[in-house]
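J.: Take this structure, written in structure tokens, and hold onto it; I'll ask about it next.
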Amino acid sequence: MHLINLNDISKSYGARTLYHSVSFGIESGEKVGFIGPNGVGKSTLVKIIAGEILPDQGSVTKSQGAKISLLEQDPQFRESDSIFDAVGEKLNDPLEQMAEIYQWISMLELGAFGEDFLVSKLSGGWRKRVALARELITGPDLLILDEPTNHLDVSSILWLEEFLSRQSFACLVITHDRPFLQRVCKRIIDLDNRNPNFILDIKGDYLSYSEAKQSLLSENSRHQDVLKNKLHREREWLSRGPQARQTKQKARIEAAGELEEQFSEVKARNLNQRAQIDFGESERLPKKLIEAKGLKKSFGSTELFSDFNLLIRPQTRLGLLGDNGSGKSTLIQCLLGKIPVDAGEITFAENLQVSYFEQGKETLEDHKTVLQNICPEGDHVHFQGEFIHVRSYLERFLFYSHHIDQLVSKLSGGERARLRLAQLMLKKAQVLILDEPTNDLDMETLEVLETSLEQFHGAIILVSHDRYFMDSLCREILSLPEMERFSGYFQWENWKKSQPDLKQVGKERPSSQVQLTKNASEKSTVGKTEQKKVSFKDKYEFENMEATIAELEENLATAEEKSDYTQMADIQQKLDEKFKRWAELEELINNK
5 MHLINLNDIS KSYGARTLYH SVSFGIESGE KVGFIGPNGV GKSTLVKIIA GEILPDQGSV
65 TKSQGAKISL LEQDPQFRES DSIFDAVGEK LNDPLEQMAE IYQWISMLEL GAFGEDFLVS
125 KLSGGWRKRV ALARELITGP DLLILDEPTN HLDVSSILWL EEFLSRQSFA CLVITHDRPF
185 LQRVCKRIID LDNRNPNFIL DIKGDYLSYS EAKQSLLSEN SRHQDVLKNK LHREREWLSR
245 GPQARQTKQK ARIEAAGELE EQFSEVKARN LNQRAQIDFG ESERLPKKLI EAKGLKKSFG
305 STELFSDFNL LIRPQTRLGL LGDNGSGKST LIQCLLGKIP VDAGEITFAE NLQVSYFEQG
365 KETLEDHKTV LQNICPEGDH VHFQGEFIHV RSYLERFLFY SHHIDQLVSK LSGGERARLR
425 LAQLMLKKAQ VLILDEPTND LDMETLEVLE TSLEQFHGAI ILVSHDRYFM DSLCREILSL
485 PEMERFSGYF QWENWKKSQP DLKQVGKERP SSQVQLTKNA SEKSTVGKTE QKKVSFKDKY
545 EFENMEATIA ELEENLATAE EKSDYTQMAD IQQKLDEKFK RWAELEELIN NK
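First residue of the sequence shown: 5, per our numbering; consecutive thereafter.
As structure tokens, this is what we get:
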């Protein structure tokens with residue numbers, strides 16, 4: 005049964021047409037991936053589906069009673085919202101449905117923070133879970149997710165994949181995460197003006213789509229060549245000056261004009277605008293760039309690593325994997341010499357040149373234009389030993405004349421990501437440190453970035469939630485905090501899944517839900533009085549302790565990034581207390 009049908013949808017902004025006559029439907033329970041180049045209008049189309057904006061032409065029809073929810077890329081909450089308030093925000097009477105609120109808080113493992121914990125104090129990954137609970141509690145038949153894996157660590161992405169795969173509702177997911185598409189989605193819809201009627205609709209997984217897309221582009225190219233050859237013959241005939249005296253000649257002249265228009269349209273549609281990414285390299289590459297011997301680092305009583313050795317050479321491709329708070333940022337800062345180690349030594353090549361693409365550290369100035377961010381003075385930039393005009397340089401990143409005077413605050417996420425890469429490429433480097441460089445990039449730009457990095461002769465240290473990107477680029481994976489080494493991402497994932505884990509990620513906990521329901525019932529009658537059933541509180545605290553520790557570790561990672569040592573020490577003390585309490589609860593519950 006079709007939950008929703010799009011019928012001949014058209015949408016324009018000013019003189020720019022995003023698409024016209026777009027049609028497709030989504031059936032109950034389908035898991036659909038929705039992809040396409042940056043700027044093609046995917047987010048606009050899902051807002052049309054969700055009823056948030058209207059199309060210029062066409063219609064959207066829903067089956068009777070169908071509920072549609074949209075989980076946006078950057079969910080918004082009120083500053084004063086607690087977890088309980090946020091999850092119940094879309095309910096008519098949250099107090100009447102407290103059991104349901106507690107059930108979703110439990111299922112999405114948010115209970116450890118406490119119902120009154122402010123959403124504004126949560127990390128991005130946990131806020132995404134709160135937003136997901138807020139949508140799911142309404143019982144949607146179709147859940148639309150806009151870039152749900154952005155800013156999540158890999159463990160959270162694995163949890164989300166497993167969770168969505170087991171749900172009965174339909175999903176429409178905008179994402180460039182290729183493993184996510186492969187594992188979760190059984191149908192791919194590609195929005196691209198190179199497709200017939202803008203849409204390529206493939207029943208199957210991402211690999212099936214990828215093969216179909218390549219076949220389509222090859223056929224488009226062949227068709228363009230046929231038209232080009234035919235047009236060449238007609239132009240030669242026209243150059244001989246035929247007179248339109250006979251009906252046959254007149255018809256051929258008219259057909260030649262139509263062929264010109266057809267060829268121009270096909271050529272424009274097939275135009276593949278790809279960013280040109282080419283990292284500047286230092287001419288001199290010593291055999292050893294960074295060498296670490298016997299490194300040790302602790303915060304309070306928690307040891308991050310000890311007796312750690314690492315040699316960074318030209319062509320090193322090292323990926324760092326671990327949950328938020330596992331020490332990735334600390335290790336990078338130690339390797340850069342920005343945070344002192346407790347023991348061991350680090351040696352650097354003479355005059356070492358490092359370029360650092362740091363997640364969360366905004367290098368763009370919103371109040372300035374695209375051009376001013378790249379070239380504050382003059383009209384030329386120094387790139388790979390040559391001075392080139394800034395407009396020519398920006399065209400490499402698909403910024404043309406109508407973009408360069410645009411304020412950065414008006415750019416899309418993908419455009420901002422490309423502009424940050426443009427900044428980074430102006431610096432010569434022997435070592436590239438890339439912390440989440442793929443956020444907001446479309447697949448074609450990702451492919452160009454992959455190719456450019458493969459051709460880079462220096463060393464690369466990569467932190468990324470894009471598992472395909474990491475696996476294709478990195479020759480070695482370092483897992484934190486275990487400091488285990490692997491030859492690739494998927495070897496790490498198989499190992500990770502085999503590790504004992506106290507929490508069954510994403511799985512329902514019926515006994516916990518029964519207790520929560522009972523708790524909610526009591527609360528509805530006695531209000532905000534303190535619970536007296538200590539056994540339940542102990543059990544509930546124990547079941548959610550790992551999530552509490554994970555949240556504190558995320559806060560520790562944030563403090564590390566800010567080099568706030570006072571806050572780091574405070575958080576570490578809380579972590580030590582939680583680990584001690586965890587052991588006490590485990591002993592208490594197991595000895596019952």
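For glycine and all other residues, C-beta sits at the position ideal for the given N, C-alpha and C.
Please list the segments of the alpha helix (DSSP H) lying wholly inside the segment 36-122, counting only runs of 4 or more residues, in order along the chain.
T.: Segments of the alpha helix (DSSP H) lying fully in the segment 36-122: 46-53, 87-91 and 102-111.
J.: Smallest Cα separation from S359: which of S502, E31, S310 and L438?
T.: One-based indexing of the sequence shown puts residue 359 at position 355. Taking only the C-alpha atoms, the option nearest S359 is L438.
J.: Quickly, what does DSSP pair T21 with across the bridge? List them, please.
T.: Against the sequence shown, residue 21 aligns to sequence position 17. T21 pairs with S16.
J.: Across which residues does DSSP place N9 in a beta bridge pair?
T.: Position 5 of the sequence shown, counted from the first residue, corresponds to residue 9. Checking the DSSP bridge columns, you'll see N9 partnered with G29 and T65.
J.: Let me confirm a value: K35 is counted as buried when at least 16 other C-beta atoms fall within 10 Å, else exposed. Which label applies?
T.: Against the sequence shown, residue 35 aligns to sequence position 31. So K35 counts as buried.
J.: Could you say if the segment 180-191 and the segment 455-472 meet the contact criterion of at least three C-beta pairs nearer than 8 Å?
T.: yes
J.: Ends of the beta strand (DSSP E) at A4?
T.: Here the chain has residues from 5 to 596 only, and residue 4 is not among them.
J.: Where are the alpha helix (DSSP H) runs, 4 residues long or more, that stay fully inside the segment 395-474, in chain order?
T.: 417-429 and 447-459
J.: Which parts of the segment 472-502 are runs of the beta strand (DSSP E), unbroken and 3 residues or longer, counting only runs that do not cross its ends?
T.: 480-483 and 488-490
J.: Buried or exposed for Y404, going by 16 or more other Cβ atoms inside 10 Å?
T.: In the sequence shown, the residue the question calls residue 404 occupies position 400. The residue is exposed, with fewer than 16 neighbouring Cβ atoms inside 10 Å.
J.: Return the residue from the list T570, L579 and D574 that minimises the CA-CA distance to A551.
T.: Here the question's residue 551 lines up with position 547 in the sequence shown. For A551, the nearest C-alpha among the options comes from L579.
J.: Which residue comes first and which comes last in the alpha helix (DSSP H) that contains S616?
T.: With the chain represented from 5 up to 596, any question about residue 616 goes unanswered, as that position is not in the structure.
J.: May I ask you to report which of helix, strand or coil DSSP gives L339?
T.: Indexing the sequence shown from 1 puts residue 339 at position 335. L339 falls in the helix class under three-state DSSP.
J.: My output table needs one value for A353: the three-state DSSP class, helix, strand or coil.
T.: Position 349 of the sequence shown, counting from 1, holds the residue named residue 353. Here A353 sits in coil by DSSP.
J.: What number of angstroms, rounded off, separates the C-alpha of D12 from the C-alpha of I193?
T.: Residue mapping note: residue 12 aligns to position 8 of the sequence shown, counting from 1. Residue mapping note: residue 193 aligns to position 189 of the sequence shown, counting from 1. Cα to Cα, the separation comes out at about 16 Å.
J.: How many Å lie between N9 and V64 at the Cα?
T.: Residue numbering aside, residue 9 sits at position 5 when the sequence shown is read from its first letter. Residue numbering aside, residue 64 sits at position 60 when the sequence shown is read from its first letter. Going from the Cα of N9 to the Cα of V64 covers about 6 Å.
J.: Spell out a yes or no on whether the segment 200-212 and the segment 23-30 are touching, meaning 3 or more CB-CB pairs, one atom from each, closer than 8 Å.
T.: yes
J.: Just to confirm the assignment, what range does the beta strand (DSSP E) spanning F361 have?
T.: Within the sequence shown, the letter at position 357 stands for residue 361. V358 to F361 is the extent of the beta strand (DSSP E) around F361.
J.: Along the chain, where does the alpha helix (DSSP H) containing H227 start, and where does it finish?
T.: Along the sequence shown, read from residue 1 onward, the residue named residue 227 stands at position 223. Per DSSP, H227 belongs to the alpha helix (DSSP H) from Y210 to S243.
J.: DSSP beta-bridge partners for H393?
T.: Your numbering for residue 393 matches position 389 in the sequence shown. Bridge partners of H393: H384.
J.: How would you write the range of the beta strand (DSSP E) that N313 sits in, first residue to last?
T.: Here residue 313 corresponds to residue number 309 of the sequence shown, with the count starting at 1. T306 to I316 is the span of the beta strand (DSSP E), which, as asked, contains N313.
J.: Taking the alpha-carbon of G92 as reference, which of E119, E440, Q77 and E558 has the nearest alpha-carbon?
T.: Locating residue 92 in the sequence shown gives position 88, where the first residue counts as 1. Taking only the C-alpha atoms, the option nearest G92 is E119.
J.: Return the Cβ separation of L477 and R321 in integer angstroms, given the expectation that the two are a contact with Cβ distance under 8 Å.
T.: Within the sequence shown, residue 477 is the residue found at index 473, counting from 1. Within the sequence shown, residue 321 is the residue found at index 317, counting from 1. L477 to R321, Cβ: 6 Å. Contact.
J.: Considering just the uninterrupted stretch of the beta strand (DSSP E) at V177, what are its terminal residues?
T.: By 1-based counting over the sequence shown, the position of residue 177 is 173. Here the beta strand (DSSP E) through V177 covers A174 to I178.
J.: Kindly confirm or deny that the segment 383-393 and the segment 452-460 touch, where touching means at least three C-beta pairs closer than 8 Å.
T.: no
J.: Taking only three categories from DSSP, how would you classify R288?
T.: For the purposes of this step, residue 288 is taken as the residue at position 284 of the sequence shown. Note: R288 maps to coil in three-state DSSP.
J.: With a CB to CB cut of under 6 Å and the five nearest residues on each side skipped, what residues in its chain are close to G18?
T.: As a working mapping, residue 18 is identified with position 14 in the sequence shown. The answer is none, since no qualifying residue turns up.
J.: Are the segment 121-128 and the segment 100-113 in contact at 8 Å, needing three or more beta carbon pairs?
T.: no
J.: Would DSSP call S333 helix, strand or coil?
T.: Numbered from 1 along the sequence shown, position 329 holds the residue referred to as residue 333. S333: helix per DSSP, three-state reduction.
J.: Between which two residues does the alpha helix (DSSP H) harbouring I378 extend?
T.: Along the sequence shown, read from residue 1 onward, the residue named residue 378 stands at position 374. V374 to I378 is the span of the alpha helix (DSSP H), which, as asked, contains I378.
J.: Leaving out five residues on either side along the sequence, give the residues of the same chain with a beta carbon under 7 Å from the beta carbon of I575.
T.: If you number the sequence shown from 1, residue 575 lands on position 571. Closer than 7 Å at the Cβ level, and outside the excluded window around I575, lie L556, N559, L560 and A563.
J.: Are the CB atoms of I408 and L398 within a distance shorter than 8 Å?
T.: The count along the sequence shown starts at 1 and reaches residue 398 at position 394. The count along the sequence shown starts at 1 and reaches residue 408 at position 404. Cβ atoms of L398 and I408: closer than 8 Å.
J.: Just how far apart, CA to CA, sit R479 and N498?
T.: Within the sequence shown, residue 479 is the residue found at index 475, counting from 1. Within the sequence shown, residue 498 is the residue found at index 494, counting from 1. For R479 and N498, the distance between alpha carbons rounds to 17 Å.
J.: Do L221 and D150 count as a contact pair if the criterion is CB distance below 8 Å?
T.: In the sequence shown, residue 150 corresponds to position 146, counting from 1. In the sequence shown, residue 221 corresponds to position 217, counting from 1. Contact: no.
J.: Assign V230 to one of two classes, buried (16 or more other C-beta atoms within 10 Å of its C-beta) or exposed (fewer than that).
T.: In the sequence shown, residue 230 corresponds to position 226, counting from 1. Exposed, since its Cβ has fewer than 16 Cβ neighbours within 10 Å.
J.: Name the DSSP bridge partner or partners of F303?
T.: What you label residue 303 is simply residue 299 of the sequence shown in a count that begins at 1. According to DSSP, F303 bridges with T306.
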